[in-house]
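J.: Sharing a structure, written as structure tokens. Questions coming.
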Amino acid sequence: MMDLITLAIVSFLYILPAYIANSSAALFGGGMPLDLGRKLGNHRILGDGKTFRGLALGVLFGAAAGNVIGYALTGTEFALGSIWFYTILGFLLSGGAMAGDLIKSFFKRRLGYKRGQMLPIIDQLDFIIGAVALGSMAYIPSLETVIFLIIITPLIHLLLNVIGFLLKLKKVPW
Ligand code: CTP
Ligand code: MG
């Protein structure tokens, strides 16, 4: 097994487009919801938290991140492929991240959870699972990387939220 520092570098580089996609959707999303306000039974299909702008900008910035990573890694020992390979991988990882998040919201609504209502662990891992699944069309990460990301992502999420709280950007530290 590779040492932990190498595992962390390789894993973060791999998943970065999905992280960027997810944060871009949260930062720049809003406007028209993907379900156009429609319901399935008593509940919204997806809810107001899933919008066209969030989806489009998430995938766009995620694919752009893949392109930049490919450019930066060209000629280094970490490079797994061409700039094209990284751009496509970035696109698949961010598309998968957005899809995982949408599927999660679909099932949250079916269970009666309101938009934004917490579903711990699943809320933090939905996009990782979607990203790894769709990204695997271009590149299958090692099992160590997947396990590392599943453990570290909820912790990073918590840390960022505490920082946001301390900076008074958020009302609650989670
Ligand atoms: N967002 C968006 N479009 C998307 C995904 C996210 O506009 N496709 C934005 C929304 O403003 C959303 C925020 O990012 O409120 C945070 O995303 P998330 O936590 O996934 O949504 P929630 O509001 O918590 O809704 P849900 O209960 O459906 O998870
Ligand atoms: Mg949420």
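In the numbering used here, the protein residues as written are -16 to 157. Beta carbons are placed, not taken as given, at the ideal position from N, Cα and C, and that holds for glycine.
In or out: Thr57 buried (at least 16 other Cβ within 10 Å) or exposed?
T.: On the sequence shown, position 74 is the one that residue 57 refers to. Burial call: exposed.
J.: Can you tell me whether DSSP reads Leu75 as helix, strand or coil?
T.: One-based indexing of the sequence shown puts residue 75 at position 92. Helix.
J.: Tell me which residues share the same chain as His26 and place their Cβ nearer than 8 Å to its Cβ, disregarding the 5 neighbours each side in the sequence.
T.: What you label residue 26 is simply residue 43 of the sequence shown in a count that begins at 1. Cβ neighbours of His26 beyond the five flanking positions: Arg92, Arg93, Gly95.
J.: On a CA-only basis, which of Asp18, Ile134, Arg36, Ala39 is nearest Leu29? Give me that one, please.
T.: Sequence index remark: in the sequence shown, residue 29 carries index 46 (1-based). Residue Asp18 is the option with its Cα nearest to Leu29.
J.: How is Pro124 classed by DSSP in three states: helix, strand or coil?
T.: Translated into the one-based positions of the sequence shown, residue 124 becomes position 141. Coil, per DSSP.
J.: So what's Lys22 in DSSP terms, helix, strand or just coil?
T.: As a position in the sequence shown, residue 22 is number 39, starting the count at 1. Lys22: strand per DSSP, three-state reduction.
J.: Considering only heavy atoms of ligand 1, does any lie closer than 6 Å to the CB of Lys22?
T.: The residue given as residue 22 occupies position 39 in the sequence shown. Checking the Cβ of Lys22 against ligand 1 gives no.
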